[in-house]
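Asks: The structure follows.
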Amino acid sequence: MKTTLQNFTFFIVLTLCTIPLSVAQSWEYVGSPGFSTGIVSYISMALNSADKPYVAFRGGSGNFSHIQVMKFDGSAWIGVGQPDFSAQMVSDISLAFSNTDEPYVSYTDHGNGYKATLMKFDGTNWVNVGIPGFSTGGTQFTSLAFSNSGEPFVAFADFSFSEKATVMKFNGTDWVYVGSPGFSAGKANFISFKFSNNDVPHISYRDFGNSEKATVMKFDGTNWVDVGTPGFSTGKAWDTSLAFSSNNEPYLAFDDSTEDSSVMKFDGTNWVNVGTPGYSGSGQDYISLALNSNDDPYVAYSDGSYLYWGTVKKFNGSSWETVGSQGFSNEQIYYTSLAINSNNEPIVAFSDTGYGYQLSVMKFTSTMSVQDNEVSKVSLYPNPANDLVTLSNLPYGETHIKVFDITGKEVFSNNANTGIETIDTTNFSNGIYMVRIAHKEKITYKKLVISN
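Convert by adding 4 to the 1-based position in the sequence shown; the result is the number in this note's numbering.
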């Protein structure tokens with residue numbers, strides 16, 4: 005993962021100088037925020053055929069290194085089968101549903117020599133699909149997808165072949181190679197594996213055989229072949245995330261070391277930019293891509309230009325626009341996973357630092373509530389401020405107020421129960437601050453300038 009704090013202060017200042025003074029939110033928690041029992045990582049989310057979100061992750065229960073799966077039942081998050089069902093520690097988790105709506109998870113299995121393991125939920129228990137640790141050697145970056153006929157395929161960086169890309173499938177009896185193992189030109193990192201709608205398996209990755217740039221390959225029935233030019237990104241690629249349009253055009257989102265977050269698609273001949281490259285600003289991590297039913301691409305990420313809080317952007321046909329508000333999450337986020345439901349609502353799962361790195365899921369709804377309008381009407385004055393600043397028009401009921409400096413450090417926190425709150429800024433250093441105002445899970449942000 006690229007260092008997230010590179011040039012941190014510079015980009016925070018730029019962002020705070022350009023954000024609007026008040027932004028109403030339409031992002032809402034799905035169930036309770038921070039609903040896991042403990043710290044989580046390696047998050048993977050998928051929706052079943054009924055649009056119910058399931059999330060697989062490491063940690064969150066009695067053993068913080070094992071795997072757990074939870075689902076939202078319409079009112080609360082509940083466990084799917086037993087918690088901590090892996091034999092040992094896991095990493096690189098990937099969750100997907102079979103054609104019969106059964107949840108499957110692949111992962112790097114630390115208890116089996118770091119080999120790949122696939123398990124499924126049979127309605128009662130999590131059971132192995134084939135032998136656990138089915139790969140020849142150790143693996144990283146496992147990624148799971150199903151063919152149209154229902155066969156599970158797992159792609160991974162294969163330590164038996166110098167960390168090159170390998171794909172295997174379960175044929176109902178055994179795990180077998182799809183094409184040759186170790187087929188990439190060099191070591192493969194940040195693997196994303198998907199099927200096109202016409203059932204062609206594709207893999208994207210950071211290609212160490214091509215200057216660590218982005219490469220996409222597909223299986224033609226016999227061999228793995230390049231889709232367009234290998235190493236097509238401008239710079240080194242992190243966090244590749246692959247998706248397909250309804251007409252089978254592959255889209256790839258990634259963090260480009262020269263242009264920051266970018267999305268490209270293959271037009272049949274070349275890889276071309278979708279909108280302006282580097283649309284996100286600098287310092288983004290944990291990129292996740294999905295397309296809605298109208299083929300509009302959405303990207304979720306930890307936004308380094310906004311305190312590493314969560315941001316989702318959508319391409320509207322001509323430019324990238326922010327979905328809701330930039331930095332919609334409660335605090336910094338990690339391990340983002342994006343899905344879009346049948347109503348074209350984006351849903352994001354993430355490790356939420358605002359709730360002790362526990363698991364939160366948020367959904368964007370386009371209908372603004374009364375509380376959205378109320379919280380956006382809060383006034384802040386004087387601005388610039390000297391020794392005191394006042395917040396007025398606070399909504400009825402308890403309102404949570406926090407102030408952050410440009411490094412992301414919290415310098416003030418209070419719960420207000422009246423319509424006015426006064427903050428003593430005498431000890432604040434000169435500079436730019438962000439004021440966060442939260443009421444009933446609706447959030448707005450204000451820029452505050454201190455000039456003593």
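Beta carbons: idealized from backbone N, C-alpha and C, even for Gly.
How should L398 be labelled, buried or exposed, when 16 other C-beta atoms within 10 angstroms of its C-beta is the threshold for buried?
Replies: With 16 or more Cβ atoms within 10 Å of its Cβ, L398 is classed as buried.
Asks: Can you grab the Cα-Cα spacing for the pair K451 / T426, in whole Å?
Replies: Distance between the alpha carbons of K451 and T426 is about 16 Å.
Asks: Compare the C-alpha of F368 against each of Y339, Y310, S333 and name the closest.
Replies: Nearest C-alpha to F368: S333.
Asks: Verify whether the separation of the beta carbon atoms of V352 and S292 is less than 9 Å.
Replies: Yes; because the gap between Cβ atoms is below 9 Å, this pair is in contact.
Asks: When you compare only the Cα positions, how much space is there between S69 and G115?
Replies: When rounded, the distance between both Cα atoms is 11 Å.
Asks: For the pair the segment 260-267 and the segment 235-242, tell me if three or more CB-CB distances fall below 8 Å.
Replies: Because the criterion of three Cβ pairs below 8 Å is met, the segment 260-267 and the segment 235-242 touch.
Asks: Thinking C-alpha only, which one of R440, S341, D428, P386 is nearest G358?
Replies: When each option's Cα is compared against that of G358, the closest is R440.
Asks: If you drop the 5 nearest sequence neighbours on each side, which residues of the same chain put their C-beta closer than 6 Å to that of T262?
Replies: Same-chain partners within the cutoff: T238, G239.
Asks: How many Å lie between N456 and F408 at the Cα?
Replies: Approximately 17 Å, taken between the alpha carbons.
Asks: For G308, name the three-state secondary structure that DSSP assigns.
Replies: Helix, per DSSP.
Asks: Would you identify the three-state DSSP class for Y359, choosing helix, strand or coil?
Replies: It is helical.
Asks: Three or more C-beta pairs closer than 8 Å, one from the segment 85-97 and one from the segment 377-395: is that the case here?
Replies: In short, these stretches do not touch, since the Cβ pair count stays below three.
Asks: Quick check for students: name the residue ranges of the beta strand (DSSP E) that lie wholly in the segment 387-419, counting only runs of 3 or more.
Replies: Listed in chain order, they are 392-396, 403-408.
Asks: Would you decide whether K446 is buried or exposed? Buried here means 16 or more other CB atoms lie within 10 Å of its CB.
Replies: It counts as buried.
Asks: Sort out for me which residues DSSP pairs S110 with in a bridge.
Replies: DSSP lists S98, L122 as partners of S110.
Asks: Looking only at its chain, what residues have a beta carbon closer than 8 Å to the beta carbon of G232, apart from the 5 residues adjacent to it on each side?
Replies: V220, F270, T273, N274, W275.
Asks: Please state the DSSP three-state secondary structure of S341.
Replies: Three-state DSSP puts S341 in a strand.
Asks: For Q72, which beta-bridge partners are listed by DSSP?
Replies: Per DSSP, F61.
Asks: Does DSSP put S380 in a helix, a strand or coil?
Replies: Helix, per DSSP.
Asks: Tell me the rounded alpha-carbon separation between I82 and V133.
Replies: Approximately 24 Å, taken between the alpha carbons.
Asks: Only counting the same chain, and skipping five residues up and downstream in sequence, which positions put a Cβ closer than 6 Å to that of E402?
Replies: Once the five neighbours on either side are set aside, the close Cβ partners of E402 are N419, N421.
Asks: With the cut-off set at 9 Å, would you say A120 and T112 are in Cβ contact?
Replies: Yes, Cβ-Cβ distance for A120 and T112 is below 9 Å.
Asks: Taking the beta strand (DSSP E) that A294 belongs to, which residues open and close that run?
Replies: Where A294 is concerned, the enclosing beta strand (DSSP E) stretches over 289-295.
Asks: Measure the alpha-carbon distance for N252 versus A149 and round it to whole angstroms.
Replies: For N252 and A149, the distance between alpha carbons rounds to 16 Å.
Asks: Tell me which residue opens and which closes the beta strand (DSSP E) that V44 is part of.
Replies: That run of the beta strand (DSSP E) goes 44-51.
Asks: Quick test of your reading: S323 and Y338, contact by CB under 8 Å. State the CB separation rounded to the nearest angstrom.
Replies: S323 to Y338, Cβ: 28 Å. No contact.
Asks: Going by CA-CA distance only, name the one from I97, N103, Y361 that's closest to V109.
Replies: With distances taken between Cα atoms, V109 lies closest to I97.
Asks: Using only alpha-carbon positions, find the residue among T340, P301, N214, L384 that is nearest to E325.
Replies: Out of T340, P301, N214, L384, P301 has the C-alpha closest to the C-alpha of E325.
Asks: Once the 5 residues before and after Q330 are set aside, which same chain residues still bring their CB inside 6 Å of it?
Replies: Once the five neighbours on either side are set aside, the close Cβ partners of Q330 are Y310, T315.
Asks: Assuming A192 and Y181 are in contact, meaning their beta carbons sit under 8 Å apart, how far apart are those beta carbons, in whole angstroms?
Replies: A192 to Y181, Cβ: 15 Å. No contact.
Asks: Only counting the same chain, and skipping five residues up and downstream in sequence, which positions put a Cβ closer than 6 Å to that of Y283?
Replies: Closer than 6 Å at Cβ, skipping near neighbours: W324.
Asks: Determine the contact status of S184 and Q144, defining contact as a CB-CB distance below 9 Å.
Replies: Cβ distance not < 9 Å, so S184 and Q144 don't count as in contact.
Asks: Return the chain-ordered list of same chain residues with a C-beta closer than 7 Å to the C-beta of Q375, the five sequence neighbours on each side being excluded.
Replies: Unreliable placement is indicated for Q375, whose pLDDT of 42 sits below 50; no coordinate value is reported for it.
Asks: Please go through the same chain and pick out, in chain order, the residues whose beta-carbon is closer than 6 Å to the beta-carbon of G412, but skip the five residues on each side of it.
Replies: Cβ within range, chain order: L311.
Asks: Please report the residue range of the beta strand (DSSP E) in which G176 lies.
Replies: Run containing G176: none; DSSP gives neither H nor E here.
Asks: In chain order, what residues of the same chain have a beta carbon less than 6 Å from the beta carbon of A91, not counting five sequence neighbours either side?
Replies: G115.
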